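Asker: Those letters in the sequence shown? Residues 1 to 279, by my numbering.
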Amino acid sequence: MSVIGIDLGGTKIKVGVVSNNKLCKVISKKINSKASKNNVIKQIMDVIDIVFTKDIEAIGVGVPAIVDVDKGIVFEVNNIASWKNVKLKKILEKKYKVPVIINNDANCFALGEKYLGCGMNFDNVVGLTLGTGVGAGIIINKKLYSGKNCGAGEFGEVLYNCKNYEVFCSGQLYSKYNLDGKTLSNGARKGNKKFKKIFNEQGYHIGKLLATIANSVDPEIIILGGSVSNDFKFFKKSMMKSLKESTYARTYSCLKIKKSNNPDIAVIGAAFLYKDSIL
């Protein structure tokens with residue numbers, strides 16, 4: 001089985017082919033997110049055309065948006081203003097004549113980890129993405145749980161400290177100190193104590209977020225991805241301490257926390273949307 005997986009972001013698109021449970025090739029291209037709806041669709045198709053062959057059986061697409069999974073409608077996409085109520089499934093199926101499955105990008109991240117990543121040996125998995133925002137995909141008893149509006153796992157929107165988790169657990173926290181993630185990361189690697197303290201602070205907040213997930217979903221493993229997770233070693237200690245403080249001892253002792261080790265895992269997960277839909 002050869003399936004195309006697509007990870008659509010606000011500034012770039014990644015397209016890959018998964019065949020026999022292996023990612024064969026990945027193409028990454030920048031997109032003009034300020035273009036018209038139809039132009040953005042054309043940009044996506046141009047990349048698909050590079051890898052599409054007669055052997056392709058389906059296409060899976062992960063988008064940073066709330067979607068109608070059954071109808072394949074993308075209601076809106078972060079950072080792509082022109083995309084409102086896009087019937088992406090219908091558009092792509094008309095051109096490529098294969099089944100197209102649309103889902104949220106965080107769900108694709110979790111699905112990729114479940115099939116070919118850190119979650120392979122677990123039935124109950126949460127994939128948590130920490131970047132410019134916060135998202136999560138939930139696997140329950142080996143199956144992706146998306147909810148009615150594909151909005152399950154939006155833990156970043158949960159009320160926390162009079163704001164929400166996204167403000168404290170994503171890169172948004174760094175603006176409080178007039179810093180960006182790259183500057184903060186580079187400084188911490190060079191031993192800057194102030195920058196390390198900021199990561200300790202963020203680790204505390206991420207720990208509380210993990211506790212919220214653990215206490216509501218009770219997964220076997222939570223896998224962290226996204227740009228913030230690249231500095232896992234700087235916030236891991238405070239994160240685990242914070243998590244332990246807010247969960248039952250049994251929950252904490254049974255829960256595994258891992259950092260994703262594959263930058264293309266969401267592409268893989270998008271491809272596995274098809275397999276997940278037919279099982």
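Cβ coordinates follow ideal geometry from the N, Cα and C atoms, glycine included. Here the structure is a predicted model, which is why all the values come from computation and not from measurement.
(1) Do you know offhand how far Ala266's Cα is from Gly62's?
(2) Going by C-alpha to C-alpha distance, which of Ser82, Lys241, Ala35 and Ile140 sits closest to Leu209?
(3) Take every Cβ of the region 49-58, pair it with every Cβ of the region 121-133, and state whether three or more of those distances are shorter than 8 Å.
(4) Alpha carbon to alpha carbon, what distance is there between Gly153 and Gly171?
(5) With H, G and I counted as helix, E and B as strand and the rest as coil, what does DSSP make of Lys87?
(6) Taking the DSSP output, what are the residues bridged to Lys114?
(7) Grab me the residues of Asn78's own chain with a C-beta within less than 8 Å of its C-beta, minus the 5 sequence neighbours each way, in chain order.
(8) Secondary structure at Asn104, three-state DSSP: helix, strand or coil?
(9) Anyone know if the C-beta pair for Ser260 and Ile223 falls short of 8 Å?
(10) Output yes or no for whether 8 Å exceeds the beta carbon distance between Lys258 and Cys118.
(11) Report yes if the C-beta distance between Gly181 and Phe109 is below 8 Å; otherwise report no.
Answerer: According to the data block:
(1) 7 Å
(2) Lys241
(3) no
(4) 19 Å
(5) coil
(6) Lys114 pairs with nothing; no bridge assigned.
(7) Gly10, Pro64, Ala65 and Gly133
(8) strand
(9) yes
(10) yes
(11) no
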